[in-house]
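Residue 1 is where the sequence shown starts when you use my numbering, and the numbers rise one by one after that. Notes to accompany the following structure.
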Amino acid sequence: MAARWHADIVDVAVSTFTGELEERGYRVDLVRVPGAFEIPLQVRRRALSGDYAAVAAAALVVDGGIYRHDFVASSVVDALMRVQLETDVPVFSAVLTPHHFHEHDEHASYFRRHFETKGRELANAVDAIVKLPA
1 MAARWHADIV DVAVSTFTGE LEERGYRVDL VRVPGAFEIP LQVRRRALSG DYAAVAAAAL
61 VVDGGIYRHD FVASSVVDAL MRVQLETDVP VFSAVLTPHH FHEHDEHASY FRRHFETKGR
121 ELANAVDAIV KLPA
């Protein structure tokens with residue numbers, strides 16, 4: 001599950017994550033939603049479908065001046081935790097909310113590198129958890 005907002009950054013995590021898991025033999029379905037706030041419901045629907053051993057989400061939640069990014073991020077991450085506890089399907093999060101984000105090349109480059117790392121970490125976590133006995 002990936003948010004379309006800041007796709008140029010979020011897609012770095014998505015590409016790394018899907019590449020790592022596909023190399024290990026996993027099938028990865030990608031669903032895009034408008035923003036981070038739409039992620040939990042779609043994650044829940046996939047978890048309840050019975051078609052997935054795990055569900056992962058990626059988004060970059062920044063302060064846009066209208067909504068406080070920390071409230072949005074907290075709501076999304078809390079909802080993702082509830083989904084995994086209620087459905088018994090592991091849910092993994094690369095929904096990140098930096099303290100400071102500015103629309104310029106230096107920050108974008110920094111966050112692209114960070115999201116590449118997060119994509120790899122997410123893939124490793126998924127691989128480790130789905131292999132655990134129930």
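No residue lacks a Cβ here, since even glycine has one placed at the ideal position from N, Cα and C.
6 Å Cβ shell around residue i - same chain, five flanking residues per side excluded
| i | result |
| --- | --- |
| residue 73 | 61 and 97 |
| residue 4 | 32 and 34 |
| residue 16 | 116, 119 and 120 |
| residue 47 | 55, 83, 87 and 89 |
| residue 122 | 17, 56, 92 and 94 |
Distance, residue j Cα to residue i Cα
| i | j | result |
| --- | --- | --- |
| residue 119 | residue 94 | 7 Å |
| residue 117 | residue 45 | 27 Å |
| residue 21 | residue 134 | 21 Å |
| residue 82 | residue 106 | 35 Å |
| residue 57 | residue 92 | 6 Å |
| residue 18 | residue 52 | 15 Å |
| residue 131 | residue 40 | 24 Å |
| residue 87 | residue 50 | 10 Å |
| residue 78 | residue 84 | 10 Å |
| residue 25 | residue 80 | 25 Å |
| residue 13 | residue 27 | 17 Å |
| residue 23 | residue 29 | 14 Å |
| residue 103 | residue 59 | 16 Å |
Where residue i sits in the DSSP three-state scheme
| i | result |
| --- | --- |
| residue 125 | helix |
| residue 3 | strand |
| residue 112 | helix |
| residue 120 | helix |
Cβ-based neighbour list, residue i, same chain, cut-off 8 Å, excluding 5 preceding and 5 following
| i | result |
| --- | --- |
| residue 37 | 72, 75 and 76 |
| residue 54 | 89, 90, 91, 92, 126, 129 and 130 |
| residue 108 | 8 and 9 |
| residue 124 | 20 |
Sequence-distant residues of the same chain with beta carbon closer than 7 Å to residue i, five excluded per side
| i | result |
| --- | --- |
| residue 31 | 1 and 42 |
Self-check item: contact_flag[the segment 112-126, the segment 8-20] where n(CB pairs < 8 Å) is 3 or more
Solution: yes
Self-check item: Contained alpha helix (DSSP H) runs [length at least 4] in the segment 34-102, N- to C-terminal order
Solution: 39-49 and 69-87
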